[in-house]
Amino acid sequence: MPTSDAKTDLWAIACDHGGLNLKNHLHSLLKKWDYQVQDLGTDKAESVDYPDFAIKVAKGVAAGEYIRGILVCGTGIGMSMTANRFESVRAALCTSAYTARMARAHNDANILCLGERVIGLGEAEDILKVFCEQEFEGDRHAKRIAKIKRG
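Spelled out as structure tokens, the structure:
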């Protein structure tokens with residue numbers, strides 16, 4: 001399933017305790033689809049602070065260490081709020097395949113945020129698949145991304 005040189009591009013995935021099961025499932029799917037993915041935690045069900053994990057992924061994406069990231073918590077809200085604090089990060093909280101498609105096609109989202117407690121497993125799989133496959137459309141959207149970068 002990876003496009004072009006995606007097999008050589010490293011992705012990052014992380015979660016807090018509220019997203020552990022979904023993160024583990026999505027990590028397995030990405031590996032099955034031949035993506036190179038680094039799991040940045042957590043790997044325990046005990047309560048942890050979501051910003052610690054969002055920061056790891058967002059810093060890595062912002063630095064170019066990872067081409068894309070995936071963050072999972074209970075709702076996805078805290079992860080997206082934290083990740084979007086970093087320059088060049090465009091984290092999108094997606095709740096459907098359509099929102100994932102638009103996040104990639106129009107907004108060039110580079111981090112996918114999901115909420116384990118608010119989305120079903122099948123929908124999460126569909127969202128991930130679209131997020132992996134959809135390319136940024138550029139053109140008029142590139143001009144808008146430039147405005148986001150300028151602030």
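The numbering used here applies: residue 1 is where the sequence shown begins, and numbers increase by one.
Even for Gly, the Cβ is constructed at its ideal location relative to N, Cα and C.
Keep in mind the model is a prediction, meaning the values are calculated, not measured.
G78 burial status per 10 Å Cβ neighbour count (16 or more: buried): Its Cβ being crowded by 16 or more others within 10 Å, G78 is buried.
Measuring only the C-alpha atoms, how far is V37 from K147? Distance between the alpha carbons of V37 and K147: 30 Å.
At least 3 beta-carbon pairs within less than 8 Å: the region 79 to 89 vs the region 138 to 145: Contact fails: fewer than three Cβ-Cβ distances are below 8 Å.
Pick out the complete alpha helix (DSSP H) segments inside the region 45 to 84, 4 residues or longer, and give them in chain order. Within the region 45 to 84, the alpha helix (DSSP H) runs of at least 4 residues that lie entirely inside it are, in chain order, 50 to 62 and 77 to 83.
If you scan the region 100 to 126 from start to end, which runs of the beta strand (DSSP E) of 3 or more residues do you find wholly inside it? If we require 3 residues or more, the beta strand (DSSP E) runs fully inside the region 100 to 126 come out as 111 to 115.
Presumed contact (8 Å Cβ cut-off) between I111 and R68, rounded CB distance: About 7 Å separates the two Cβ atoms, so the contact holds.
Alpha carbon to alpha carbon, how far is S4 from Y35? Here the model assigns S4 a pLDDT of 46, short of 50, so the residue's position is not dependable and the matter cannot be decided.
Skipping 5 residues on each side, what residues in its chain have a beta carbon closer than 6 Å to that of A58? Only A83, F86 and V89 meet the Cβ criterion.
Name the DSSP beta bridge partners of V37, please? Per DSSP, the beta-bridge partners of V37 are W11.
How long is the line joining the alpha carbons of G74 and F136, rounded to whole angstroms? Approximately 28 Å between the Cα atoms of the pair.
Quick one: what's got a C-beta closer than 8 Å to L10's C-beta in the same chain, skipping five residues either side? Cβ within range, chain order: Q36, V37, Q38, E65, Y66 and I67.
Under 9 Å between C-beta atoms of G76 and V130: G76 is not a Cβ neighbour of V130, given a cutoff of 9 Å.
Would A109 and K56 qualify as a contact pair, given that the criterion is a beta-carbon distance under 9 Å? When the beta-carbon positions are compared, A109 and K56 stay at least 9 Å from each other.
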